[in-house]
Amino acid sequence: MPKPSLNSSSPAATKEVKSVAPKRSLTPRRRAREYALQGVYQSLVVRRAGSLPNSAAIAKQLAEDPAFRRCQLDLFQGIFEGVLDRADELEALITPALDRPINELSPVEHAALLIGTYELAADLSVPYKVAINEAVELAKTFGGTDGHKYVNGVLDLLAQTLRSAETKAS
């Protein structure tokens with residue numbers, strides 16, 4: 003059987019193969035948020051299974067990853083511990099903006115919403131657009147196909163309440 007020829011007039015012969023993996027900017031701050039998301043995710047999964055999460059064990063496990071040393075440790079600790087310490091309060095803020103019970107959210111979107119809400123409510127040094135964008139990027143990277151759109155919509159609603167002066171000024 004003859005081999006197909008790759009003549010230059012063939013459209014397939016002129017196409018370059020490009021990587022389908024998205025390029026991600028893994029700054030120390032982004033890495034910190036990604037590790038925080040992974041830790042919050044683990045905590046949610048353990049909690050949904052009916053157990054009490056051990057935040058120290060989760061943080062220790064995350065720190066064993068060689069790439070962890072390239073994250074901004076104080077930001078990771080602030081977000082991870084802040085979300086876990088204030089989970090009930092954050093969920094109370096999130097719930098009115100949802101169109102379904104919070105326990106029906108995927109754990110990734112739930113974790114991204116907790117992180118975004120934490121940054122909106124507790125870390126005023128982070129501009130509201132950055133807090134929303136970072137949570138959306140986490141949902142894009144780790145979540146389902148359109149989960150980031152849901153996260154964006156919910157956090158946008160929350161920003162109007164939690165950061166009303168800032169949202170009106172922009």
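Residue numbers 3 to 172, in this note's numbering, belong to the letters of the sequence shown in order. Backbone N, C-alpha and C fix where the C-beta goes; we use that ideal spot for every residue, glycine too.
Residue i (DSSP reduced to helix, strand or coil)
i	result
D158	helix
N105	helix
S166	helix
L77	helix
E83	helix
G145	coil
V128	coil
Cβ pair residue i, residue j closer than 7 Å
i	j	result
A89	L160	no
A113	L39	yes
L77	R33	no
V42	L116	yes
A141	G149	yes
V153	E93	no
E91	Y130	no
Chain-order list of residues whose beta-carbon lies under 6 Å from that of residue i (same chain, five-residue window excluded)
i	result
Q44	I60
Integer-rounded CB distance, given that residue j should sit under 8 Å from residue i
i	j	result
G118	L157	5 Å
I81	R50	Rounded, the Cβ-Cβ distance is 20 Å, inconsistent with contact.
S108	G146	6 Å
Cut-off 8 Å between Cβ atoms - residues of its own chain near residue i, not counting five sequence neighbours on either side
i	result
A133	G118, E121, L122, D125, L157 and A161
S176	Nothing in the structure corresponds to residue 176, since the chain is present only between 3 and 172.
N105	R50
L54	V48
Neighbourhood of residue i by C-beta, 7 Å cutoff - its chain only, sequence neighbours within 5 removed
i	result
F70	Y37 and L64
C73	P30, R33, A34 and Y37
(request) Ignoring anything shorter than 4 residues or poking outside the region 28 to 75, list the alpha helix (DSSP H) runs there in chain order. (result) 30 to 50 and 57 to 65
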